[in-house]
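To start, the structure under review is shown below, and the notes come after it.
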Amino acid sequence: MNGFRGGFGGFNGANLQNLMKQAQKMQQDMEKAKEELINTDFVGTSGGGMVEVTLTGDKKAKKVTIKPQVVDADDVEMLEDLVQSAFNDAIEKITKAEQEKLPNIPQGF
């Protein structure tokens, strides 16, 4: 024949079992890293700290702080922009942390 001996392309039972153990450990490590991210608070700021937004690692709003001196009834649009910018800053921090803690995880895993 062509030298085929069966099995999984050179994997014997011990190799396959070792591979399964490695996969299980990697999954456990990923779950732990995800849990750490979820339990971490990320603070986004704008306007030199005049607006702060705190999000959890799963991108849920936890707290919004607005300094009174930035509130101007005649310029609500500026305040809206500052809040939006602070949210975007926090989300960028979460994304960066995800990439650092979970660098090799396929999307949707």
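Under my numbering, the residue at position 4 of the sequence shown is numbered 47, and the numbers go up by one with no gaps.
Note that the Cβ used here is the ideal one computed from N, Cα and C, for glycine as well.
1) How close, in whole Å, do the beta carbons of Leu80 and Lys144 come, if the pair is a contact with beta carbons under 8 Å?
2) DSSP has Phe85 in a bridge; who is on the other side?
3) Put Lys105 into one of helix, strand or coil per three-state DSSP.
4) Quick check on this structure: which residue in Ala66, Met69 and Thr97 has the alpha carbon closest to the alpha carbon of Ile109?
5) By a C-beta neighbour count over all protein chains shown, 10 Å radius and 16 as the cutoff for buried, is Ala57 buried or exposed?
6) Measuring CA to CA, which of Lys68, Gly90, Glu74 and Asp101 is closest to Lys136?
7) Distance, Cα to Cα, Ala89 vs Ala66?
8) Less than 8 Å between the beta carbons of Asp84 and Lys105, yes or no?
9) Smallest Cα separation from Glu141: which of Gln60, Met73, Met63 and Lys64?
10) What is the DSSP secondary structure of Val113, counted as helix, strand or coil?
In short:
1) 6 Å
2) Leu98
3) strand
4) Thr97
5) With fewer than 16 other Cβ atoms from the protein chains shown falling within 10 Å of its own Cβ, Ala57 counts as exposed.
6) Closest by alpha carbon: Asp101.
7) Checking the sequence shown, residue 89 turns out to be Ser, not Ala. About 42 Å.
8) yes
9) Met73
10) helix
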